[in-house]
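Just below is one structure, and these are the notes that go with it.
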Amino acid sequence: MKLDKYDQSVFLVLKAAYQYYILEKSQNQIAEELDVSVTTVSRLLKRARDEKIIEFVIRNPYVECLNLGQEISKEFGLKEVIISPVIDNMEEDGDDSSVDPEMVKKLVALEGARYLQRVIKENDVLGVTWGSTVYQMINYLNPAQKANTTFVTLHGSLSNCVTEWDVRTLVSRMAKAFSGRKYILLTDTLMNSAETVKMLKKEKSISQVMDMFDKVNIAINGIGAFYPKVTSILAKPYYLSPDEVAMLKEHHVIGDVALRFLDKDGNECDTELKERTISISLEQFRKIPVKITLASGKEKAHAVLAALKGGLIDVLIVDNKLGETVLKLHREETK
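Numbering follows our numbering, with no gaps: position 82 of the sequence shown is 93.
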């Protein structure tokens with residue numbers, strides 16, 4: 012090893028690095044203790060990194076989450092992908108039954124709350140859909156952050172839905188959390204006929220809210236799955252009848268976004284429910300500049316992939332198991 016007369020003492024480098032990274036002293040404190048300038052301390056720390064006297068390691072599955080997010084973002088041209096790592100006690104046979112789905116949902120919801128608080132700004136118009144994941148996200152919002160923001164329900168309410176998950180409740184809570192304004196559709200979302208929907212859309216209180224759809228610049232939504240298993244809450248009898256669920260299966264529905272039913276390519280399935288639903292149209296939804304989707308559980312992989320293919324997602328926030336499954340399905344389809 013070649014030594015230079017201008018080299019700093021290796022011991023001094025080590026001591027500065029130890030105090031900064033292990034003892035968590037400030038650079039000013041280290042400079043005073045070592046009797047050197049703050050600039051010198053900065054150089055000592057840089058040398059400690061350059062010469063690998065100190066190294067930084069991001070352990071798995073965390074580094075895998077970073078790589079997975081970059082791969083999904085590149086494949087689908089997304090603004091951002093956030094992967095929440097699921098840490099479990101899985102056995103070597105790959106059994107992930109020990110993973111608590113509710114805890115995974117909460118981890119994704121927390122990332123959604125933090126992302127929204129990073130990007131939301133004054134005069135934004137934020138559209139919200141119903142769901143348990145959006146509900147959990149709101150629980151993690153920092154009440155100290157205020158924004159002159161408008162919140163809009165992107166569809167009507169679901170009859171007999173869990174009140175806490177209802178879109179009216181969610182928008183009211185978000186408006187309160189950010190000290191913003193709210194626009195709420197005071198109607199159920201699914202009507203008995205297309206004629207009833209046309210009539211209701213002419214009502215001033217409803218048309219005023221629906222006029223806001225074109226002004227929405229951020230959407231926050233969950234996603235439901237109808238394939239390979241029907242896990243979407245929309246398939247429950249209090250929303251859809253067994254005959255209606257059977258009809259959706261016949262039309263090969265994969266999932267649902269904003270109460271719109273998607274095929275495998277992310278297009279809305281042409282069923283009678285399309286005209287009976289009071290909700291933002293898929294065409295309007297697709298034009299929203301920032302569409303944030305929160306989802307957890309690998310059983311939603313086909314639904315998430317359909318939404319990605321349909322251009323319905325700009326920011327994807329999922330757990331690593333779901334992210335891995337989505338990427339695997341996509342690569343199998345494109346072989």
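Note that beta-carbon positions come from the ideal geometry of N, C-alpha and C, so glycine has one too.
- Your pair residue 128 and residue 153 checks out as a contact, with CB atoms roughly 6 Å apart and the cut at 8 Å.
- Within the region 261-298, the complete beta strand (DSSP E) segments at least 3 residues long are 266-268, 271-273, listed from N- to C-terminus.
- Excluding its 5 nearest sequence neighbours in each direction, residue 91 has C-beta neighbours in its own chain below 6 Å: 326, listed in chain order.
- Runs of the alpha helix (DSSP H) spanning 4 or more residues and lying entirely within the region 34-102 occur at 38-45, 49-61, 73-87, in chain order.
- Per the coordinates, the alpha-carbon of residue 30 lies some 38 Å from the alpha-carbon of residue 131.
- DSSP places residue 302 within a strand segment (E or B) once states are collapsed to three.
- Residue 330 is bridged by DSSP to 95.
- Exposure of residue 61 is indicated by the presence of fewer than 16 other C-beta atoms within 10 angstroms of its C-beta.
- Residue 153 sits in coil when the DSSP states are folded into three classes, being neither helix nor strand.
- Fully enclosed alpha helix (DSSP H) runs of no fewer than 4 residues occupy 215-221 of the region 209-258, in order along the chain.
- Excluding sequence positions up to five before and after residue 167, its CB lies within less than 6 Å of the CB of 196, 198, 199, 200, 289, all in the same chain and listed in chain order.
- As the crow flies, the alpha-carbon of residue 155 is around 8 Å from that of residue 188.
- Nearest Cα to residue 124 within the set 338, 240, 305: 305.
- The continuous alpha helix (DSSP H) containing residue 320 extends over residues 312-320.
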